[in-house]
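The structure appears below as structure tokens.
Residue numbers (the numbering used here): 5 to 286.
Okay, here's the thing in structure tokens:
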């Protein structure tokens, strides 16, 4: 298996994730710049420069956006944001920064056949949020996940099991183009991003609703259930959110608890905090 080429972004994320973990753990004490920098064995000046370079926010501003009060404010602002059930039922497109994103669901026959006659290319690439596994088809991106370096083989094995009837091959060159388009705005092509997903009708309905949540906005699981005209299905909505096969692209990270607490995240709470901060800075 070819090793992905490491970028400065990956090294920076590894350092900043440790900083974020410390800030989150100590947020009630509101640690100052010197305290956080000392925990990373860095000078305050160097840490401030690196943190601002990666996140686009100062550590002080990051602490402010971490508060439950700030999250509650965003939830309040989102009231009515997803109250467009008829449109959600018909729409499969959305905006992701400067991208136009379209979502296509596999047919029931394709679902049952586990992707028979679908050719898939995959790659491992470093992103602003660590190592990612991405898989693409001629019809769009079918999988995107953040993983640890020691999970490459196990993740690939699980992916092949899920798509056992497909032709699956590694192609770092092809997948790199998509990574650049998704995460590096200076290099994006402004071409639409197509997503190909397989799931139950309910899951796809939830994933399409997630695409309607703008960047820098947050919604609760209850608001999401209300948006799909199924207000009592909060638990089922949460399960569908957790089953999202396309990290970042289908923005399940923008769903938090109604209390303002961040809740769970399939790819780690530190990464969820990091993505929130990164989006706010864009």
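Glycine included, C-beta positions come from ideal geometry on N, C-alpha and C. On a predicted model such as this, the values are computed, not experimentally measured, just so you know.
Item                                                                                                                                                              : Value
Does any residue of chain B bring its CB to less than 8 Å from the CB of residue 42?                                                                              : Reference to chain B is not applicable here, since this structure consists of a single protein chain.
Residues in its own chain within less than 6 Å of residue 68 by CB, not counting five upstream and five downstream?                                               : none
Helix, strand or coil for residue 138, going by three-state DSSP, please let me know.                                                                             : strand
Measure the Cβ-Cβ separation of residue 137 and residue 130 and say whether it is below 8 Å.                                                                      : no
Nearest by alpha-carbon distance to residue 227: which of 220, 213 and 121 is it?                                                                                 : 213
Suppose the cutoff is 8 Å on Cβ atoms and the five residues either side in sequence are ignored; what does the same chain contact list for residue 108 look like? : 96, 143, 144, 198, 199, 200 and 201
Can you name, in chain order, every residue of its own chain whose Cβ lies under 8 Å from the Cβ of residue 75, other than the five neighbours on each side?      : 222, 260, 264, 265 and 266
Which word fits residue 249, buried or exposed, when buried means at least 16 other C-beta atoms lie within 10 angstroms of its C-beta?                           : buried
Is it the case that the Cβ atoms of residue 61 and residue 285 are separated by a distance below 8 Å?                                                             : yes
Give the DSSP bridge partners of residue 144, in chain order.                                                                                                     : 141
Can you tell me which residues form a DSSP beta bridge with residue 224?                                                                                          : 260
Which residue marks the beginning of the beta strand (DSSP E) containing residue 123, and which one marks its end?                                                : 123-131
Can you tell me which of 269, 251 and 283 puts its alpha carbon nearest to the alpha carbon of residue 135?                                                       : 251
Any idea what DSSP makes of residue 216, helix, strand or coil?                                                                                                   : coil
Which term fits residue 3, buried or exposed, when burial requires 16 or more other beta carbons within 10 angstroms of its beta carbon?                          : There is no way to answer for residue 3, as the model of the chain reaches only from 5 to 286.
Got a sec? Which residues, its chain only, sit under 6 Å from residue 151 by beta carbon, not counting five neighbours each side?                                 : 135, 137 and 159
Which of the three DSSP states, helix, strand or coil, is assigned to residue 61?                                                                                 : coil
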